[in-house]
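Protein chains in written order, with the working numbering: chain E, 1 to 444; chain X, 1001 to 1148.
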Amino acid sequence: MDISESQRDPLTGLLNRLGLAAALQEFDTLGRRGLTLFSVQIARFGHINSSLGGEIADRIITLTARRLQKTFPNALHIARTHGDHFCLLFEGLDAVEETIERLDDFTRRPFAVQGEIIVLSVRCGVARMDDSLGSAGMLLHGSETALQVAKATKTRASFYKPEMEEQARQAHRFENDLRVSIVNHHADLHRALANDEFQVHYQPIIECDTGQLYAFEALMRWSHPTNGPVRPDLFIPLAEQIQVMHILGSWVIQKAIADAATWPPRADGQAVGVSINISACQFIEPAILLNTVSQALDQTKLDPALVKLEITESSAFVDTMSETLLRLKDMGCRIALDDFGKGYSCLTQLHELPLDYMKLDRSFLKDLESEDPDEAMRSRKLIQAILALSGTFDIAAIAEGVETRQQLDEVRQMGAKLVQGFLYSRARPASEIPDYIKNFVPGS
Amino acid sequence: MGALYRLAYLSKNTVKGNREEIEAEIRSILASSHRNNPALGITGALLYSGGYFCQVIEGPQDALEDLFETIQMDERHGQVTVLQFEPIEARSFGEWAMAFAGIEDEMRFDGAKILDSKDEIQAAETGRDLVSTLDRLVRQHQGVLKPS
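Written out as structure tokens, the structure reads:
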């Protein structure tokens, strides 16, 4: 095939995307079968580019291109289709797994570039010509679809399957629907209209000693316009990923503080607090977070001591987070560390962050009732250790996910101050809360 | 040319063979080093220890980086781990295109552990250890193994 300048990548001399597409088309014209295409992406290459500079990044791309050429002399074509994306085209390739192994081996070997040692890793998507991909022209789309799946599932390699198309379409539609809902919702907020797609539900938090109602945790709900309710663990990470979480986060703060200001006091006259989850994303622009909280407090005149802001462990923002939390505490709010013990708990956060509460991750309680006595014992010891730690730092511990009387008794004995879970109540719509407070009978 | 750098690395020998075959392989590596390194300003030392190549190379940064890339692409080397890559004031193996420090049956460094772990401090310590060990071994072998 004749290759024009416009079909070559100037940096590496490899085919570019246009060149590869032309080559694939030519194979179709010639009626060639049995082709396999690998789409390969260097993981976190943007990070190398921003931290070490464009010159080193370009050198790594050039060296990677050379490594691929040397490692795969059997490839019909090697192309650089996009910044950190390469493609390898093979004919009659049987040893696909071996090829992935080799690709992994040679791209993982360290690069020595301008005095730095750099180690890369790659992910790849593989597409073979078969019944579902009948032409060479379809391979590029197929391998890139498979690459997206490999990235999403954090696997080294993924093989194209026709159902990935529908999954990708669905994921795209879901993401788009969330965007549309948030934009509509945001617009409605400005027009002060009600919008039912997003709602805040409230789950009670109970005092261990007295069995009294202490506060409610505000939990966001999204009702998809056609599919119905979507679980928060599905849409919140997506909202964070597509960078719209701050809009939702600000709305929840306003809504929860406004709702709490209308709640009646308990029978003994004590006011009931509200606990609001703050996403790590909201700390990227602390001014928005601080303004939202202070405006909501001003407008409602709610006692700031009744407002508890829940953060999750996130080492990435510790510096700005700490400063912002201190400002929130200055306003009179309380701070809780959510999901403590899940993932990589960092003990230094317990004294570096100005915490009033910590929430014991629900997984510990689940393990407490494990049929495996070792696991149950391990969980009991961990809970004891964490609760002892909370006592040392004078941070009140809240046990989440309490579903049975036995769990309640155990965590209470071990020193938890507050509990929440299905044993008391699921999260309820805002409209039910005033009556729930009025009718609440303290238990022990 | 670039500043003078030293690079120390470990790699697993991927070629299976008996001692004679391994010796032949090492002779071939040394021969190509003696052929190519002087023109590139590269000096260094090589020890074969329990299935691992333990090598120190030193020279101008650009030439060193190019040579390292060539080694990386050599099928005989697997699981390459860099223990040290830093600018140096003076060479340790200045007289040698590639000094040979011997073949040992048992790996003297904890290769598998270093290759598995991502502990940079441990790698740096082993790097210093490797340079000084090679230096000592090369001196012991001087006159015996010095290439003609």
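From the three backbone atoms N, C-alpha and C, an ideal C-beta is built for every residue, glycine too.
All figures in this text were calculated on a predicted structure; none of them were measured in a lab.
Asked	Found
Closest by C-alpha distance to Val126 (chain E), when choosing among E:Phe106, E:Ala397, E:Ala95, E:Lys342	E:Ala95
C-beta neighbour in chain X for Asp105 (chain E), strict 9 Å	yes
Residue of X:Ile1071, X:Asp1129, X:Thr1070 minimising C-alpha distance to Gln1084 (chain X)	X:Asp1129
Chain X within 9 Å of Val113 (chain E), Cβ atoms only	yes
Anticipated Cβ contact below 8 Å, Thr404 (chain E) with Leu423 (chain E), distance rounded	6 Å
Environment of Gly1059 (chain X) [buried if 16+ CB atoms lie within 10 Å]	buried
Paired residues, beta bridge with Val113 (chain E) - DSSP	E:Glu116
Contact check, Arg17 (chain E) vs Leu93 (chain E), beta carbons under 9 Å	no
Per-residue burial, Ile242 (chain E) [other beta carbons within 10 Å of its own, 16 or more giving buried]	exposed
Contact between the region 355–372 of chain E and the region 387–403 of chain E (3+ Cβ pairs under 8 Å)	yes
At least three beta-carbon pairs within less than 8 Å, the region 222–241 of chain E to the region 204–212 of chain E	no
Separation of Ser132 (chain E) from Glu165 (chain E), as counted between CA atoms	11 Å
Neighbour list for Arg109 (chain E) in chain X, Cβ cutoff strictly below 7 Å	Gln1072, Val1080
Within chain X, partners of Ile117 (chain E) - CB distance below 8 Å	Val1082, Phe1085
Neighbourhood of Arg412 (chain E) by C-beta distance below 7 Å, restricted to the same chain and skipping five residues each side	Cys208
Residue-level contact to chain E via CB, Gln1061 (chain X), 9 Å cutoff	yes
Nearest neighbour of Gly1041 (chain X), chosen from X:Thr1014, X:Gly1094, X:Cys1054, X:Leu1047 [CA to CA]	X:Gly1094
Three-state secondary structure (DSSP) of Lys1146 (chain X)	Note that Lys1146 (chain X) has pLDDT 44, beneath the 50 cutoff, so the model's placement of it is unreliable and no number is given.
Within chain E, partners of Leu1007 (chain X) - CB distance below 9 Å	Ala112, Ile117
Which listed residue (E:Gly269, E:Glu371, E:Ile276) has its alpha carbon closest to that of Leu248 (chain E)	E:Ile276
Three-state class that DSSP yields for Met245 (chain E) in the structure shown	helix
Cα-Cα separation between Asn1036 (chain X) and Leu20 (chain E), rounded to whole angstroms	37 Å
Length of the line joining the Cα atoms of Pro286 (chain E) and Arg66 (chain E)	46 Å
Counted within 10 angstroms of its Cβ, other Cβ atoms place Gly391 (chain E) as buried (16 or more) or exposed	exposed
Beta-bridge pairing of His77 (chain E) - partner residues as DSSP gives them	E:Leu89
Beta-carbon proximity of Thr71 (chain E) to Phe106 (chain E), cut-off 9 Å	yes
Close beta carbons around Ala1099 (chain X), own chain, < 6 Å, minus the five adjacent residues each side	Ala1045, Phe1093, Val1138
Min CB distance Leu63 (chain E) to chain X below 9 Å	yes
Beta-bridge pairing of Trp453 (chain E) - partner residues as DSSP gives them	Any question about residue 453 (chain E) goes unanswered here, given that chain E covers just 1 to 444.
Distance CB(Phe1053 (chain X))-CB(Leu1010 (chain X)) smaller than 9 Å	yes
Same chain, Cβ closer than 8 Å to Ala43 (chain E), neighbours up to 5 away in sequence not counted	Leu120, Ser121, Val122, Arg123
Contacts around Asn49 (chain E), its chain only, beta-carbon distance under 8 Å, and the 5 residues preceding and following it disregarded	Ala57
Minimum length 3: unbroken beta strand (DSSP E) runs contained in the region 120–189 of chain E	122–128, 157–159
Boundaries (first-last residue) of the alpha helix (DSSP H) holding Val441 (chain E)	Note, Val441 (chain E): premise wrong, no alpha helix (DSSP H); not H, not E.
Chain-ordered chain X contacts of Arg67 (chain E) [CB-CB under 7 Å]	Met1073
is_contact[Thr71 (chain E), chain C] using C-beta, thresh 9 Å	No chain C is present in this structure, whose protein chains are E and X.
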